[in-house]
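Notes follow once the structure below has been shown.
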């Protein structure tokens with residue numbers, strides 16, 4: 622029987638999921654009509670010692686939440702027409718959010734990475750935590766490119782606001798096409814809601830968590846220095862010097878956390894500087910060092926880091942969203958400081 626390659630792999634993954642149960646066998650049913658042969662859905666029979674269970678399997682090349690919900694709706698109709706049948710969604714990789722949707726909709730799921738959950742009658746199998754081994758780089762490059770990150774920052778800073786594509790394009794300083802593309806990617810992950818008034822974030826925490834996982838502050842160019850002055854003196858001098866010279870800057874890291882949600886003592890000043898880092902260092906009498914630095918100046922890979930920077934007591938500080946992203950990856954209790962910022966500042970604003 623000739624089957625599309627993805628369908629072959631899907632059936633193999635289903636068998637692999639069930640092979641640990643000695644009393645279970647699974648057989649693939651022939652597709653009889655031309656319509657069935659073209660359909661990504663196939664049927665199988667699960668043979669148990671006491672009876673057979675018809676399986677209706679929907680295979681999709683994408684396991685994002687939107688596809689998982691679509692599959693659940695489709696399987697609901699198909700399973701309803703076959704007494705005693707059980708629906709299974711199969712995709713190359715099924716994200717935790719998609720898995721949650723399948724569980725809520727009472728269908729099974731299997732992916733080619735090895736994650737699965739089948740629950741019916743005497744059968745209960747669940748395997749989770751397998752990472753995505755497949756290439757998602759194209760989508761991720763689109764969703765977490767510098768220009769795309771500008772859009773995400775705007776959405777996360779105003780998660781309840783309904784945005785028109787045109788307005789969001791202006792606010793994020795990106796093209797209409799870029800906003801439309803990001804809107805599609807977010808919709809496929811069920812991260813936005815839409816109405817005639819525009820679109821807004823469904824669950825900002827999920828987007829922020831995903832953003833955090835794909836963000837790397839080390840992409841910025843980092844310059845390390847040493848100063849004999851105290852942290853407070855360095856920060857005050859930095860702020861005054863940049864203000865006088867018209868240099869765009871904003872504190873981040875623990876320097877920023879101390880202004881929003883101070884929970885960690887720190888000994889290193891950290892700030893973004895738009896350009897002219899080396900000239901600024903000369904004005905501040907900073908000495909470049911390879912180790913033992915107490916000042917880190919970051920030249921950002923994109924000016925989006927400055928979006929919604931706040932003036933706190935005369936000093937520019939990055940937005941809580943940007944600060945959270947930076948803090949989470951920092952050693953020396955950075956994750957703890959990020960969590961405090963999330964709980965004390967970000968979530969109350971949402």
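In this note's numbering, the protein residues as written are 622 to 971.
Every residue, glycine too, gets a C-beta built ideally from N, C-alpha and C.
Check	Outcome
With 16 other Cβ atoms within 10 Å as the buried cut-off, status of residue 912	exposed
From 775, 943, 698, 931, residue whose alpha carbon lies closest to that of residue 921	943
Residue burial classification, residue 893 (beta-carbon count within 10 angstroms, cutoff 16)	buried
Beta carbon of residue 705 nearer than 8 Å to that of residue 728	no
Contacts around residue 753, its chain only, beta-carbon distance under 7 Å, and the 5 residues preceding and following it disregarded	714, 734
Segment contact, 8 Å Cβ cut-off, at least three pairs: the stretch 899-909 with the stretch 879-889	no
Residue 975 - DSSP class collapsed to helix/strand/coil	Nothing in the structure corresponds to residue 975, since the chain is present only between 622 and 971.
Presumed contact (8 Å Cβ cut-off) between residue 647 and residue 627, rounded CB distance	Not really, about 18 Å apart at Cβ, beyond 8 Å.
Whole-Å CB distance - residue 890 paired with residue 852, under 8 Å assumed	6 Å
Delimiting residues of the alpha helix (DSSP H) encompassing residue 718	717-725
Identity of the residue in 835, 815, 935 nearest residue 871 by Cα	935
Buried or exposed (CB count within 10 angstroms, at least 16 for buried), residue 974	This structure does not reach residue 974, given that the chain is present from 622 up to 971, and the question cannot be answered.
One or two residues paired with residue 678 in a DSSP bridge	663, 709
Rounded straight-line distance, which links the Cα of residue 751 to that of residue 710	17 Å
Contact the stretch 761-779 vs the stretch 923-932: 3+ CB pairs below 8 Å	yes
Cβ-based burial, residue 941 [other Cβ within 10 Å; buried from 16]	buried
Proximity below 8 Å, CB of residue 878 to CB of residue 948	yes
Nonlocal neighbours in the same chain, by C-beta distance under 7 Å from residue 783, ignoring five residues either side	816, 818, 819, 820, 821
6 Å Cβ shell around residue 765 - same chain, five flanking residues per side excluded	835
Element boundaries [beta strand (DSSP E), containing residue 936]	936-938
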